[in-house]
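Engineer: This structure is in structure tokens; I'll ask about it shortly.
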Amino acid sequence: MPHKNSISVIIPNYNGRQLLEKYLPPCIAALETEGIDYEIIVVDDASSDESVDFIRKAYPLVSIMLQETNMGFSASCNLGITAAKYDLVMLLNSDVALEKDYFGGLWKYFEDPMTFGVMGQILNSHGKTEDAARKLAFQGIKFKATRFYSPSKTTSWAPTAYLSGANALIDRKKLLELGGFNELYSPFYVEDVDLSFRAWRMDWRCYYDPKAICHHEVSATTKSHHSKKKLYPILYRNKFILQEIHLEGLALQLWKVQLILLEILPRILLGKWWILHAYQLYRQQKPLIHESKVQLIRKARTKSIFEIKRRYFDPIKD
Numbered sequence: 001m002p003h004k005n006s007i008s009v010i011i012p013n014y015n016g017r018q019l020l021e022k023y024l025p026p027c028i029a030a031l032e033t034e035g036i037d038y039e040i041i042v043v044d045d046a047s048s049d050e051s052v053d054f055i056r057k058a059y060p061l062v063s064i065m066l067q068e069t070n071m072g073f074s075a076s077c078n079l080g081i082t083a084a085k086y087d088l089v090m091l092l093n094s095d096v097a098l099e100k101d102y103f104g105g106l107w108k109y110f111e112d113p114m115t116f117g118v119m120g121q122i123l124n125s126h127g128k129t130e131d132a133a134r135k136l137a138f139q140g141i142k143f144k145a146t147r148f149y150s151p152s153k154t155t156s157w158a159p160t161a162y163l164s165g166a167n168a169l170i171d172r173k174k175l176l177e178l179g180g181f182n183e184l185y186s187p188f189y190v191e192d193v194d195l196s197f198r199a200w201r202m203d204w205r206c207y208y209d210p211k212a213i214c215h216h217e218v219s220a221t222t223k224s225h226h227s228k229k230k231l232y233p234i235l236y237r238n239k240f241i242l243q244e245i246h247l248e249g250l251a252l253q254l255w256k257v258q259l260i261l262l263e264i265l266p267r268i269l270l271g272k273w274w275i276l277h278a279y280q281l282y283r284q285q286k287p288l289i290h291e292s293k294v295q296l297i298r299k300a301r302t303k304s305i306f307e308i309k310r311r312y313f314d315p316i317k318d
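Per the UniProt record's numbering, residue 1 is the first one in the sequence shown, and the count goes up by one each step.
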């Protein structure tokens, strides 16, 4: 029987009092089912509702960390990651319900010292798969991790291009070695993809287990607080940042041409002027993007995105 690890659950929260009331109980039930040492850390991102008072009264054993100002997903998670004391860190959205046996089949992955983390299957409110194992692929020079594939067609554990920040169980020491999430992506979007790619480039593995099931209230924690007019520029800014951090040399230069010709200009012609705002926001981050690339390249085991795709994802047959 695999060794069971202790877990620190980190839940970022912003005005999620009703979500916490609904989804903390299944989280606690899943942890209690395993009979392990655990802690739950809720990082409150300057909420204006009654979230903090609710937790203090209803769940006095849950640790609360307070942000003085709203800093976004990455900063909130990083605060919790720094405080976590157990073997594994479970990154959990406040609108995700874990099934009672969620952790039962995940312990085996952490017997392999090269495992970075594992995520389960996320079902939406209609019972359909919202997130699962994803392949790493290329569209021209741009890399993408948006295709689901069936793990039943693999001969071993199912690798996934990235671990969703909504339900990722991660080796704490490796997470700290990477420095947690890159806050360049704040306030939200793409930070979990970047974290997973940095792990892969350290030659660590990210896995998906379809038998670990959780349920997600789609976008309850982001879209409810922000309009599409604000979300799209942030999303695309972060997509552009991701490409520049993880592409190198000629591939990076070719992507920049592809970006203008196939991403920016077509959207302008369609009247989607927000893409110019996204591009401007991306350009403003150039110094920090360069710093992130330098830090990554300094890692002794850093592999390229192309190597990762060829070794782990090309052998997968759909």
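We treat Cβ as the ideally placed atom computed from N, Cα and C, and that holds for glycine.
Source: prediction; values computed, not measured.
Helix, strand or coil for K228? Go by DSSP, reduced to three states.
Structural biologist: K228 falls in the helix class under three-state DSSP.
Engineer: Is it buried or exposed for D112, if we count other Cβ within 10 angstroms and need 16 for buried?
Structural biologist: Its Cβ having fewer than 16 others within 10 Å, D112 is exposed.
Engineer: If you reduce the DSSP assignment to three classes, tell me which class R283 lands in.
Structural biologist: Looking at R283 - three-state DSSP - the assignment turns out to be helix.
Engineer: For V4, which of helix, strand or coil comes out of DSSP?
Structural biologist: Reading off the sequence shown, one finds Lys at residue 4, where the question assumed Val. In the structure shown, K4 sits in coil (DSSP, three-state: anything other than H, G, I, E or B).
Engineer: Rank L20, K22, D314 and S6 by C-alpha distance to the C-alpha of T33 and give the top, closest one.
Structural biologist: Comparing Cα-Cα distances from T33 to each of L20, K22, D314 and S6, the minimum goes to S6.
Engineer: For V62, which three-state DSSP category applies?
Structural biologist: Three-state result, V62: coil.
Engineer: When DSSP labels each residue in this structure, what does I36 get in the three-state scheme?
Structural biologist: Here I36 sits in coil by DSSP.
Engineer: Residues bridged to F138 by DSSP?
Structural biologist: According to DSSP, which records beta bridges pairwise, F138 is partnered with F143.
Engineer: Answer with buried or exposed for D171, where buried requires no fewer than 16 other C-beta atoms within 10 angstroms of its C-beta.
Structural biologist: Per the 10 Å Cβ criterion, buried.
Engineer: Could you tell me if A158 is buried or exposed, where buried requires 16 or more neighbouring beta carbons within 10 angstroms of its beta carbon?
Structural biologist: Buried is the call here.
Engineer: Y312 and L136: beta carbons closer than 9 Å?
Structural biologist: Closer than 9 Å, so yes.
Engineer: I'd like to check one pair, L235 with V190: are the Cβ atoms closer than 9 Å?
Structural biologist: Yes, the pair counts as a contact, with Cβ atoms nearer than the cut-off.
Engineer: Name the residue from L88, Y23 and P12 whose alpha carbon lies nearest to the alpha carbon of F73.
Structural biologist: Considering only alpha carbons, the answer is P12.
Engineer: With DSSP collapsed to three states, give me the class of Y208.
Structural biologist: Strand.
Engineer: If you follow the beta strand (DSSP E) that E130 is in, where does it begin and where does it stop?
Structural biologist: First-last of the beta strand (DSSP E) with E130: T129 to D131.
Engineer: For K174, which of D203, R147, T160 and S156 has the nearest alpha-carbon?
Structural biologist: The option with the nearest alpha carbon to K174 is D203.
Engineer: By Cβ distance below 6 Å, which residues in the same chain neighbour D49 in space, the five residues on each side in sequence not counted?
Structural biologist: Closer than 6 Å at Cβ, skipping near neighbours: N15 and R17.
Engineer: Kindly indicate the opening and closing residues of the alpha helix (DSSP H) around G249.
Structural biologist: G249 -> alpha helix (DSSP H) spans G249 to Q258.
Engineer: Okay, do the segment 268-276 and the segment 291-310 touch, 3+ Cβ pairs below 8 Å being the bar?
Structural biologist: Taking 8 Å as the limit for Cβ pairs, the verdict is that the segment 291-310 does not touch the segment 268-276.
Engineer: Enumerated in chain order, which unbroken segments of the alpha helix (DSSP H) with a length of 4 residues or greater are wholly contained in the segment 66-126?
Structural biologist: Listed in chain order, the complete alpha helix (DSSP H) runs (minimum 4 residues) inside the segment 66-126 are 73-83.
Engineer: Does DSSP put L178 in a helix, a strand or coil?
Structural biologist: Looking at L178 - three-state DSSP - the assignment turns out to be coil, as it is neither helix nor strand.
Engineer: Between L296, K22, I241 and V52, which has its C-alpha nearest G180's C-alpha?
Structural biologist: Answer by Cα proximity: L296.
Engineer: Just to confirm the assignment, what range does the beta strand (DSSP E) spanning A168 have?
Structural biologist: Start and end: N167 to D171.
Engineer: What does a CB cutoff of less than 8 Å around Y86 pick up in its chain, not counting 5 residues either side in sequence?
Structural biologist: So the qualifying residues of the chain are N5, S6, I7, S8, D37, Y38, E39 and R172.
Engineer: If you follow the alpha helix (DSSP H) that F197 is part of, which residue opens it and which one closes it?
Structural biologist: Element bounds for F197: E191 to R201.
Engineer: Under a Cβ-count criterion, where at least 16 other Cβ atoms within 10 Å of its own Cβ denotes burial, should D131 be classed as buried or exposed?
Structural biologist: Buried.
Engineer: Quick one: is T115 buried, meaning 16 or more other Cβ sit within 10 Å of its Cβ, or exposed?
Structural biologist: T115 comes out buried.
Engineer: According to the neighbour-count rule (16 or more other Cβ atoms, all chains shown, within 10 Å of its Cβ), is R301 buried or exposed?
Structural biologist: Answer is exposed; the Cβ neighbour count stays below 16.
Engineer: Alpha carbons only, please: which of F240, S196, L163 and K128 is nearest the one belonging to E177?
Structural biologist: Comparing Cα-Cα distances from E177 to each of F240, S196, L163 and K128, the minimum goes to S196.
Engineer: Which term fits T69, buried or exposed, when burial requires 16 or more other beta carbons within 10 angstroms of its beta carbon?
Structural biologist: So T69 counts as exposed.
Engineer: Give every residue of the same chain whose Cβ lies closer than 6 Å to the Cβ of P26, excluding the five residues on either side of it in the sequence, and list them in chain order.
Structural biologist: Excluding sequence neighbours, P26 sits near A97 and L98.
Engineer: Do V52 and L66 count as a contact pair if the criterion is CB distance below 9 Å?
Structural biologist: Yes.
Engineer: Evaluate D209 with the Cβ neighbour count: other Cβ atoms within 10 Å of its Cβ, from every protein chain shown; 16 or more gives buried, anything less gives exposed.
Structural biologist: Flag for D209 reads buried.
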